[in-house]
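Going by the numbering used here, the sequence shown opens with residue 24, and the numbers climb by one from there. From the three backbone atoms N, C-alpha and C, an ideal C-beta is built for every residue, glycine too. Keep in mind it's a predicted model, so treat the numbers as computed, not measured.
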Amino acid sequence: MSMITRSENIYTYIKERVVAQPLFGVASFAILMALAAQLTIPMKPVPTTLQSMIVVLSGAMLGSKKGFYAQIAYLTMGVVGSPVFAMSPDLAPGFARLFGPTGGYLLAFPVAAYLTGLIIERKSDYLTTVITFFAAHAVILLSGALYLDLFINAGFVKTLELGVVVFSLSTVVKVFAASLIFKSFKK
């Protein structure tokens with residue numbers, strides 16, 4: 024079996040099992056979120072992870088409702104105390120995490136997944152996908168920054184610097200990576 028055939032089999036398997044089976048798809052993306060949270064670049068007050076990339080992929084691949092449910096499932100796992108949120112020595116685990124500096128980002132995940140799915144369900148060409156993924160990241164980052172300001176009280180410009188601008192480069196990389204991943208699964 025050649026490498027291309029294996030890749031095609033993996034894509035076919037994921038399309039048929041993860042995307043086509045609602046519960047399996049929701050659970051798979053909730054688990055991917057937990058794994059993405061562990062790949063952290065520690066920064067203060069908010070670490071950077073691959074989670075926002077998984078958020079947009081959940082909405083795009085599962086659709087608006089199932090993408091939303093995948094994010095709710097992820098947040099529920101974290102709220103009940105499972106160690107699924109990004110590791111941080113400064114932030115409390117579990118339910119308290121939603122009321123800390125990262126709470127705005129976390130709470131925006133279901134909204135961003137839903138909005139991504141809503142748009143991609145209607146039109147999913149490459150340009151629309153890229154623009155939609157950037158818009159979803161903007162929802163996450165702006166929600167996170169607004170919530171972050173409650174904790175750091177540094178003023179609007181400084182909060183945008185700490186809660187949005189520092190993630191600019193990683194956002195661009197994640198948007199284009201997610202777009203390529205989605206395009207490869209859409210074939």
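Pick from the options that is closest to residue i, judged by C-alpha positions
i	options	result
ILE77	LYS146, LYS88, ALA93, PRO70	ALA93
VAL162	TYR128, GLY140, LEU183	TYR128
ILE54	ALA96, MET84, SER87, PRO45	ALA96
PRO116	THR182, GLY104, PHE52	GLY104
VAL198	GLN74, LEU46, PRO45, ALA57	GLN74
Contact set for residue i: own chain, Cβ-Cβ below 7 Å, skip 5 residues either direction
i	result
THR72	ALA59, ALA60, LEU62, THR63, ALA109
THR155	THR139, ILE142, ILE143
Backbone CA spacing between residue i and residue j [nearest angstrom]
i	j	result
VAL79	ALA159	7 Å
MET56	PHE122	19 Å
LEU165	VAL187	7 Å
PHE208	LEU183	34 Å
Residue(s) in a DSSP beta bridge with residue i
i	result
ILE64	THR71
Contact set for residue i: own chain, Cβ-Cβ below 8 Å, skip 5 residues either direction
i	result
PHE179	ASP172
VAL49	LEU85, LYS89, TYR92, ALA93, ALA96
MET26	Summary for MET26: the model assigns pLDDT 49, below 50, so the residue's position carries little reliability; its value from the coordinates is reported in the next sentence. So no residue of the chain qualifies.
LYS206	TYR149, THR152
Own chain residues within Cβ distance below 6 Å of residue i, not counting five before or after
i	result
ALA136	VAL78, SER81, GLY82, GLY90, PHE91, GLN94
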